[in-house]
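Residue numbering for the sequence shown follows the numbering used here, beginning at 5 and increasing consecutively.
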Amino acid sequence: MTESYAYYRLPYADTYTAVESDTPAVELPSYRMVGRDNGFVIAPYNITDSTPLLLIPAHCVTERQLTSADGQHRKLAADGDDGETSLTPSDCYAGAFAHFHNAVAEGDYAKLVLARQKAVRLNDDADPLMLFERACRLFPRLMVMLFHTAASGTWLVASPEILVEEHHSCFHTVALAGTMPFCGGVPEWSEKNKREQRVVEEYIHDTIRPLAGDIITDGPFTMRAGNLVHLRTDFRFHISGSNACCTTEETGAEALGTVVDALHPTPAVCGLPKAEAMLFIARHEGIRRDYYSGFAGPVGINGETHLYVSLRCARLEGRTMTFFAGGGIMPESRCEEEWMETEAKIKTIAHVLQYP
5 MTESYAYYRL
15 PYADTYTAVE
25 SDTPAVELPS
35 YRMVGRDNGF
45 VIAPYNITDS
55 TPLLLIPAHC
65 VTERQLTSAD
75 GQHRKLAADG
85 DDGETSLTPS
95 DCYAGAFAHF
105 HNAVAEGDYA
115 KLVLARQKAV
125 RLNDDADPLM
135 LFERACRLFP
145 RLMVMLFHTA
155 ASGTWLVASP
165 EILVEEHHSC
175 FHTVALAGTM
185 PFCGGVPEWS
195 EKNKREQRVV
205 EEYIHDTIRP
215 LAGDIITDGP
225 FTMRAGNLVH
235 LRTDFRFHIS
245 GSNACCTTEE
255 TGAEALGTVV
265 DALHPTPAVC
275 GLPKAEAMLF
285 IARHEGIRRD
295 YYSGFAGPVG
305 INGETHLYVS
315 LRCARLEGRT
325 MTFFAGGGIM
335 PESRCEEEWM
345 ETEAKIKTIA
355 HVLQYP
């Protein structure tokens with residue numbers, strides 16, 4: 005019997021990888037421990053007793069072909085509860101937005117990220133693997149993941165944002181911020197979006213600079229993610245003082261944990277200054293993020309590591325699917341616009357309920 009599992013499809017791949025275990029996932033005590041053992045990592049936004057940092061060991065790893073479309077255009081959401089866009093912010097969201105916006109406008113924070121959730125009732129119990137394969141067909145550019153453990157529950161993720169990748173001792177991370185609907189052509193980015201991107205970009209650079217012997221930067225440029233576009237800047241680097249990053253397996257493991265611990269959570273999902281922003285979010289956001297805006301992905305599987313921020317994600321619980329989305333609050337932010345941005349993000353992943 006499979007106790008825990010993770011399926012993941014790398015961007016542009018036509019196969020996916022299954023990591024399965026007949027034992028419970030291993031709990032890791034800190035982000036610095038990521039990389040010490042190979043497997044699939046499932047990280048929460050914030051480690052707590054109820055949301056532990058988890059590792060599914062790489063005991064059973066197989067490559068699988070994606071199946072063809074499931075044959076019928078089935079609408080999986082219950083009637084009247086299919087994730088259609090709501091134009092009016094909820095009272096709860098509007099109240100939280102006022103707290104967040106006031107704190108940013110008064111200069112206490114450079115940026116804060118406000119998240120929300122939206123539950124959708126399904127016609128039947130969700131078939132997680134079918135939803136995963138639908139997401140793979142829908143989002144060829146994204147990292148698509150489905151994972152389940154007794155501690156985390158079951159989550160579907162289609163993420164555009166790399167937290168950190170490592171291949172042959174070279175590290176790669178991105179700054180991703182700014183969101184607009186994809187309307188074709190070259191988008192014109194607002195000053196709010198460009199400034200939000202600069203805040204994240206500067207944080208990433210300042211965070212890895214003490215660790216890295218060399219940093220190669222590319223961007224910002226526009227990337228497409230489903231029906232949305234984002235601003236993105238890439239950073240590639242080696243860890244300083246380790247002779248092209250890592251000369252031993254132990255050093256490589258320590259380096260990955262150090263980078264992960266330094267970067268997570270980035271201002272793209274939290275805010276700045278980071279520690280104070282996390283406390284503010286916990287007090288005023290009004291939801292439990294759990295594994296939304298954490299990160300997940302394979303570590304050391306097939307010799308590579310691909311950790312992605314858990315965005316465009318949903319928790320599956322029987323006949324309920326709960327979607328999560330957030331947006332960066334800046335002084336220029338407006339409640340209705342931020343609400344619509346989260347609606348667009350939810351609609352992106354909720355498309356799996358309509359797509360064959």
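Positions of the beta carbon are idealized from the N, C-alpha and C atoms, including for glycine.
Rounded separation between residue 143 and residue 242 - CA only: If you number the sequence shown from 1, residue 143 lands on position 139. If you number the sequence shown from 1, residue 242 lands on position 238. C-alpha separation (whole angstroms): 30 Å.
Buried versus exposed call for residue 28 [16 or more other C-beta atoms within 10 Å across all chains shown]: Translated into positions along the sequence shown, residue 28 becomes position 24. Classification for residue 28: exposed.
For residue 167, three-class secondary structure by DSSP: On the sequence shown, residue 167 is found 163 positions in, with the first residue counted as 1. Residue state, collapsed to three classes: strand.
CB of residue 350 within 8 Å of CB of residue 122, strictly: Mapped onto the sequence shown, residue 350 falls at position 346. Mapped onto the sequence shown, residue 122 falls at position 118. The answer is yes: Cβ separation under 8 Å.
Nearest to residue 52 (by Cα), restricted to the options 12, 274, 114, 155: Within the sequence shown, the letter at position 48 stands for residue 52. Of the candidates 12, 274, 114, 155, the one whose C-alpha sits nearest the C-alpha of residue 52 is 155.
Stretch-stretch touch, CB-based, cutoff 8 Å, three pairs: the segment 292-303 with the segment 36-54: yes
Runs of beta strand (DSSP E) lying entirely within the segment 77-161, each at least 3 residues, in chain order: 115-125, 147-153
Three-state secondary structure (DSSP) of residue 176: Taking the sequence shown and counting its residues from 1, the one referred to as residue 176 is at position 172. Strand.
Distance between residue 237 and residue 276 (C-alpha atoms, nearest Å): As a working mapping, residue 276 is identified with position 272 in the sequence shown. As a working mapping, residue 237 is identified with position 233 in the sequence shown. Approximately 18 Å between the Cα atoms of the pair.
Alpha-carbon spacing of residue 131 relative to residue 66, whole angstroms: Within the sequence shown, the letter at position 127 stands for residue 131. Within the sequence shown, the letter at position 62 stands for residue 66. So the alpha carbons of these two residues sit roughly 20 Å apart.
With 16 other Cβ atoms within 10 Å as the buried cut-off, status of residue 140: Mapped onto the sequence shown, residue 140 falls at position 136. Buried, by the Cβ-count rule.
Assumed close pair residue 145, residue 20 - CB separation to whole angstroms, cut-off 8 Å: On the sequence shown, residue 145 is found 141 positions in, with the first residue counted as 1. On the sequence shown, residue 20 is found 16 positions in, with the first residue counted as 1. In fact, because the Cβ distance is near 15 Å, the residues do not count as touching under 8 Å.
Per-residue DSSP class, three states only, for residue 351: As a working mapping, residue 351 is identified with position 347 in the sequence shown. Three-state result, residue 351: helix.
Nearest-angstrom Cα separation, counted from residue 99 out to residue 336: Counted from its first residue, the sequence shown places residue 336 at position 332. Counted from its first residue, the sequence shown places residue 99 at position 95. Their Cα atoms are separated by approximately 17 Å.
Between the CA atoms of residue 346 and residue 184 - distance to the nearest angstrom: Numbered from its first residue, the sequence shown carries residue 184 at position 180. Numbered from its first residue, the sequence shown carries residue 346 at position 342. In a straight line, the C-alpha of residue 184 is about 11 Å away from that of residue 346.
Residue environment, residue 201, which counts as buried when at least 16 other CB atoms sit within 10 Å: For the purposes of this step, residue 201 is taken as the residue at position 197 of the sequence shown. Burial call: buried.
Alpha-carbon spacing of residue 107 relative to residue 64, whole angstroms: Here residue 107 corresponds to residue number 103 of the sequence shown, with the count starting at 1. Here residue 64 corresponds to residue number 60 of the sequence shown, with the count starting at 1. Near 48 Å, if we compare the C-alpha coordinates of residue 64 and residue 107.
Simplified DSSP state of residue 336, which is helix, strand or coil: One-based indexing of the sequence shown puts residue 336 at position 332. If DSSP states are grouped into helix, strand and coil, residue 336 belongs with coil.
Neighbourhood of residue 137 by C-beta, 7 Å cutoff - its chain only, sequence neighbours within 5 removed: By 1-based counting over the sequence shown, the position of residue 137 is 133. Only 70, 71 meet the Cβ criterion.
Endpoints, alpha helix (DSSP H) assigned at residue 210: Along the sequence shown, one-based indexing puts residue 210 at 206. Taken as a continuous stretch (DSSP letters only), the alpha helix (DSSP H) holding residue 210 covers 195-212.
Touch test, the segment 106-120 against the segment 160-168, Cβ-Cβ under 8 Å, three pairs minimum: no
With 16 other Cβ atoms within 10 Å as the buried cut-off, status of residue 314: In the sequence shown, residue 314 corresponds to position 310, counting from 1. Residue 314 is buried by the Cβ-count criterion.
Residue 26 to residue 229 span [Cα, whole Å]: Residue numbering aside, residue 26 sits at position 22 when the sequence shown is read from its first letter. Residue numbering aside, residue 229 sits at position 225 when the sequence shown is read from its first letter. Between residue 26 and residue 229, the C-alpha separation is close to 34 Å.
Residue 175: CB within 7 Å of a non-hydrogen atom of the ligand NAD: Absent from the structure shown: the ligand NAD. Ligands present: none.
Nearest-angstrom Cα separation, counted from residue 355 out to residue 321: Translated into positions along the sequence shown, residue 321 becomes position 317. Translated into positions along the sequence shown, residue 355 becomes position 351. When rounded, the distance between both Cα atoms is 18 Å.
CB-CB length for residue 61 against residue 55, believed under 8 Å: Against the sequence shown, residue 61 aligns to sequence position 57. Against the sequence shown, residue 55 aligns to sequence position 51. Wrong, their Cβ atoms sit about 20 Å apart, outside the cutoff.
Three-state class that DSSP yields for residue 17 in the structure shown: Start at 1 with the first residue of the sequence shown, and residue 17 comes out as number 13. In the structure shown, residue 17 sits in coil (DSSP, three-state: anything other than H, G, I, E or B).
Buried versus exposed call for residue 294 [16 or more other C-beta atoms within 10 Å across all chains shown]: As a first step, residue 294 must be located in the sequence shown, where it is residue number 290. By the 10 Å Cβ count, residue 294 comes out buried.
DSSP three-state assignment for residue 319, whether helix, strand or coil: As a working note, residue 319 is residue 315 in the sequence shown. Note: residue 319 maps to strand in three-state DSSP.
Counted within 10 angstroms of its Cβ, other Cβ atoms place residue 187 as buried (16 or more) or exposed: Here the question's residue 187 lines up with position 183 in the sequence shown. The residue in question, residue 187, is exposed, as its Cβ has fewer than 16 Cβ neighbours within 10 Å.
Rounded C-alpha distance that separates residue 23 from residue 115: For the purposes of this step, residue 23 is taken as residue 19 along the sequence shown, with counting starting at 1. For the purposes of this step, residue 115 is taken as residue 111 along the sequence shown, with counting starting at 1. Near 37 Å, if we compare the C-alpha coordinates of residue 115 and residue 23.
Three-state secondary structure (DSSP) of residue 45: For the purposes of this step, residue 45 is taken as the residue at position 41 of the sequence shown. Residue 45: strand per DSSP, three-state reduction.
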